[in-house]
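Quick note: the sequence shown uses the numbering used here, first residue -10, plus one each step. Working notes, beginning with the structure itself.
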Amino acid sequence: MSGNGGTTPAPLLPVLYEDNHLLAVVKPPGILSQADETGEADMVTLLKQDLKNRYDKPGNVYVGLVHRLDRPVGGAMLFAKTSKAASRLSEAVRSRSFDKLYLAVAHGAPAALSGRLKHYLRKDAARNVVTVHDKPLADAKEAVLDYAVAARKGPYSLIAVKLLTGRSHQIRAQLSAIGCPLVFDRKYGAPPVQGEQDIALWSTSVGVAHPVTKEWLTIVARPPAAEPWTRFAEEDYATALALLGPEGGGGR
-10 MSGNGGTTPA PLLPVLYEDN HLLAVVKPPG ILSQADETGE ADMVTLLKQD LKNRYDKPGN
50 VYVGLVHRLD RPVGGAMLFA KTSKAASRLS EAVRSRSFDK LYLAVAHGAP AALSGRLKHY
110 LRKDAARNVV TVHDKPLADA KEAVLDYAVA ARKGPYSLIA VKLLTGRSHQ IRAQLSAIGC
170 PLVFDRKYGA PPVQGEQDIA LWSTSVGVAH PVTKEWLTIV ARPPAAEPWT RFAEEDYATA
230 LALLGPEGGG GR
């Protein structure tokens, strides 16, 4: 395709940012972040093929996984295009200078409109579910997040969430533990609905210092125009981003 009159093929997934070092795209819900034993589609493999097609690259293409999104979660996801960038971004994740902001639509609302949740999560791999505990336990990992309620519409609330740790199912489990399961998330207590629906959790922005230029990057992806996101107005989303939004330098 790329050799046809010099035309570069359109990207496979919506590109939010790209240069020689980084690639940020919108991950669709239902796609694995990286390959597993199932052999089902995953973001790393898809993006390697996409880069080969778009730039007519021979041989192997490097795509470094920097952070993960749970399979049912969509939204902004950042990848490295060089090993040096991957190493520096991974260090940013470890040092908590990598901002991850999510939007969630939950049933009800927390008792406090903003705050910090700290729990200990234990993974049941056989059932692919985590249990939430208030005190440290063997095999349980500390999970910390900040949240703020941006808007209420009927029985639902729009909640901005900033992850301070990155645990499997963390937001889903922690919000459910305080009585606010995510809409359509039956695994963590949401009421059943007819048909298959994506859980109401979206990676809205990632922020990090560019691994080469050191300039602070904020990459934003809006939630889809679908239920229950469409219940909230543009100003609600602006409020959510302002409450826990990127700090323009990761200053912590």
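From the three backbone atoms N, C-alpha and C, an ideal C-beta is built for every residue, glycine too. Since we're looking at a predicted model, the values are computed, not measured.
Taking the Cα positions, Thr193 is about 17 Å away from Arg220. Within the DSSP bridge table, the entry for Trp205 names Ala198 as partners. Here the C-alpha atom of Ser146 lies approximately 18 Å from the C-alpha atom of Gln186. Beta-bridge partners assigned by DSSP to Ala140: Leu147.
Arg116 counts as exposed, since fewer than 16 other C-beta atoms from the protein chains shown sit within 10 angstroms of its C-beta. Cβ atoms of Ser157 and Val195 stay farther apart than 8 Å, at about 18 Å. Within a 10 Å sphere around the beta-carbon of Gln38 sit fewer than 16 other beta-carbons, which makes this residue exposed. Shown here for Pro61: same chain residues with a beta carbon closer than 6 Å to its own, the five before and five after excluded, namely Pro18 and Ile188 in chain order. Cβ neighbours of Lys41 within its own chain (closer than 7 Å, five residues either side excluded): Val50. In this structure the region 207 to 215 does not lie against the region 99 to 108, because fewer than three pairs of beta carbons, one per stretch, are closer than 8 Å. Shown here, Lys176 sits in a helix according to DSSP, grouped into three states. Restricting attention to Asn9, Ala65 and Arg111, the CA atom closest to the CA of Tyr44 is found in Asn9. Within the DSSP bridge table, the entry for Glu7 names Leu12 as partners.
Counting the other CB atoms within 10 Å of its CB gives Ala215 a total below 16, which places it among the exposed residues. For Val33, the uninterrupted alpha helix (DSSP H) segment begins and ends at Met32 to Tyr44. Around the CB of Lys203, fewer than 16 other CB atoms lie within 10 Å, so the residue is classed as exposed. With fewer than three CB-CB distances shorter than 8 Å, the region 123 to 141 does not count as touching the region 22 to 31.
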